[in-house]
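Chains as they are written, first to last, in the working numbering: chain Z, 25 to 283; chain P, 19 to 234; chain H, 127 to 349. In what follows, a structure is listed as structure tokens, so that the remarks can point back to it.
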């Protein structure tokens, strides 16, 4: 248990009076690819955004590699919310890929990937460039290095986003509905890139609506509903033999949509 | 200080009335001409839109002061002999007309084309469409920027002081010429301009907020 | 009307006009540069500062925007030295005035620009671990500048036209040159037929040049 890369206990968060996360517990070990599914509003995205502190959490604990991400302070004593500079250091080791890509519009694909390497990892420009080129080649964009985001298709932009996150060599990768904004024919190329990463041993948490991700990428599937984790198990068990009522309804609705 | 202010106030006050008179004339003239211009821009035939575009580009590309001097000195040459005051008002009005025309054009064009289609579909004539569908909606988009342009007109009126018209600016200069204390007089004049324009811009913002629901 | 156009008098003193035009352009550029510094500093102060700072910025902006530029010019050239005890020459005074004037408009431009940086892009810059300062310098500022470029162009062209007001405190820019020729040659008419188009054409050329710059840095189209 204590060798889990990510340890989350009793996570709670509210926006105003709405409970978005209502006591979430989960452990993720190194090398696992955990797929999180569930209806809208179940808290999946918020869970992800709390891990790299794009959202603060009200109660509970998130530990990445033994370090509490959101707070500092003596164990058992008063917690002090971390300042932006501390958070920057923690976020450097957590990678995130966004639903809307969020590429830096004023930088080329190569520069997008290089920015973190130069400014955060402190690499020399030449080394950052070769590392960035390597990852962009890995996601199949070797010929688009000097393209601006507005010159790339959605699928290409998302692959740049993946390269940008992975080039930082994070301990864990957070993927937030990364194919939801893509035309169906572009989903495949992104899926392949992620599959490859999972096979290479990247620890990742994937929030998605794409059941193909859950079946082909995940070593573990988690179903969230109403701000809680409800089901947690192997893809075979969770998807093919759902026991939980709400999970059954959810899967049925998803199947209907895709047919 | 107060004593000083009280002594100079009557002179500044007279200048203020001239400023208000000039501003009002300019605003009125430019409103009428500008609305016509805006309608011409949006619905007129090609040649009219071209002419209006030329007019608008020339007027808006000329510094106001250059325009006032040019009008004042060129008009006699064109056969019209004018006193400084009418010449300045004409120059200012021509200038503001171009701006108001742009505002009107923007307001009319921002109304979705579908509105005109719907109005045509129920059989309204051009005049009816204008009166019952286009102008009411256009009015709400027009008022806030137009009130803003009124403050510009008030500020622009200060330039008539440079052709000898005793508005608030020139009155201030005259008072300073007698008292040799520039700062208090300028501050007082600034306060008067500020009072007028700030009230107008507050009104404009209130209008914008009230009609915000109109925006898609 | 018994008047015969004779442009020779204008051509004789044409260099007053050319040098005047050059000065007008210079004044506009220098003023907007300083104005940008003022505007950006105040925009940041406004978004980051407390109530007192915000009120001060708002007071400055509202005052400058509601008072005629002519009055500001007099206030700074005649008024300030009389209570400050120092004097500066007309050109310095005018640049200061125009910088203060444009600064007030640019505060709004920069505030809107900073707001317009997409929040998702800021999230991405956080996610890769950039510090707040790094995020500002490498992501928010460059994006904001590209967004506000059209507004900056408009301000620059406005300032170019506003330099004509410098003539009232005897700064030898284009309008001052025109007035000089009018007064000293007693030709009231010809000079305007030359100077008016000079302003128009120069304004247009600056606009065209700025459009090129905008296209080069645009976030929407191909480079």
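Note that beta-carbon positions come from the ideal geometry of N, C-alpha and C, so glycine has one too.
Within the same chain, and ignoring the five residues on either side of residue 305 (chain H) in sequence, the residues whose Cβ sits closer than 8 Å to its Cβ are 293.
Straight-line measurement puts the Cα of residue 149 (chain P) at about 35 Å from the Cα of residue 213 (chain P). Unbroken alpha helix (DSSP H) runs of no fewer than 4 residues, entirely contained in the segment 117 to 192 of chain P, are found at 131 to 139, 144 to 147 and 153 to 174, following chain order. Between residue 247 (chain H) and residue 283 (chain H) the beta-carbon gap is near 30 Å, outside 8 Å, which marks them as no contact. Only 265, 268, 269 and 272 from the segment 265 to 287 of chain H bring a Cβ to less than 8 Å from some Cβ of chain Z.
When beta bridges are read from the DSSP output, residue 246 (chain Z) appears opposite Z:60 and Z:256. In this structure, Z:245 is the residue among Z:66, Z:245 and Z:273 with its C-alpha nearest to the C-alpha of residue 56 (chain Z). Here DSSP, grouped into helix, strand and coil, assigns residue 98 (chain Z) to coil. Runs of beta strand (DSSP E) with 3 or more residues, each lying fully within the segment 72 to 126 of chain Z, are found at 83 to 88 and 118 to 121, listed in chain order. With a cutoff of 8 Å on beta-carbon distance, residue 185 (chain Z) and residue 126 (chain Z) are scored as near each other. Contact note: residue 247 (chain H) reaches chain Z through 126, 127, 128 and 129, using a C-beta cutoff of 8 Å and chain order. Closer than 8 Å at the C-beta level to chain Z, one finds these residues of the segment 238 to 262 of chain H: 244, 246, 247, 249, 250, 251, 252, 253, 254, 255, 256, 257, 258 and 260.
DSSP places residue 39 (chain Z) in the uninterrupted beta strand (DSSP E) bounded by 30 to 39.
In its chain, beyond the 5 residues on either side, 266 have a beta carbon closer than 8 Å to the beta carbon of residue 272 (chain Z). According to the DSSP assignment, residue 263 (chain H) belongs to no beta strand (DSSP E), since it is labelled neither H nor E.
Nearest in C-alpha terms to residue 33 (chain P), of all of P:197, P:179, P:53 and P:68, is P:179.
Taking C-beta separations shorter than 7 Å and ignoring five residues to either side along the sequence, the partners of residue 156 (chain P) in its chain run 125, 126 and 129, following chain order.
In this structure residue 47 (chain Z) is not in contact with residue 274 (chain Z), their Cβ atoms being roughly 20 Å apart against a cut-off of 8 Å.
For residue 264 (chain H) and residue 229 (chain H), the gap between their C-alpha atoms comes out near 24 Å. Using a 10 angstroms sphere on the CB of residue 310 (chain H), the tally of other CB atoms stays under 16, which defines it as exposed. In chain order, 216 make up the part of chain P whose C-beta sits under 7 Å from the C-beta of residue 188 (chain H). Unbroken beta strand (DSSP E) runs of no fewer than 3 residues, entirely contained in the segment 151 to 234 of chain Z, are found at 196 to 200 and 228 to 231, following chain order. Per DSSP, the beta-bridge partners of residue 46 (chain Z) are Z:36. With contacts defined by Cβ atoms closer than 8 Å, residue 232 (chain H) and residue 161 (chain H) form a contacting pair. Within a 10 Å sphere around the beta-carbon of residue 158 (chain Z) sit fewer than 16 other beta-carbons, which makes this residue exposed.
Interface with chain H (8 Å Cβ-Cβ cutoff): residue 120 (chain Z) is included.
Taking the CA atoms as reference points, residue 120 (chain Z) sits about 6 Å from residue 253 (chain H). Taking every protein chain shown into account, the CB of residue 212 (chain H) has fewer than 16 other CB atoms within 10 angstroms, so this residue is exposed. Residue P:119 holds the alpha-carbon nearest to the alpha-carbon of residue 69 (chain P) among P:96, P:220, P:222 and P:119.
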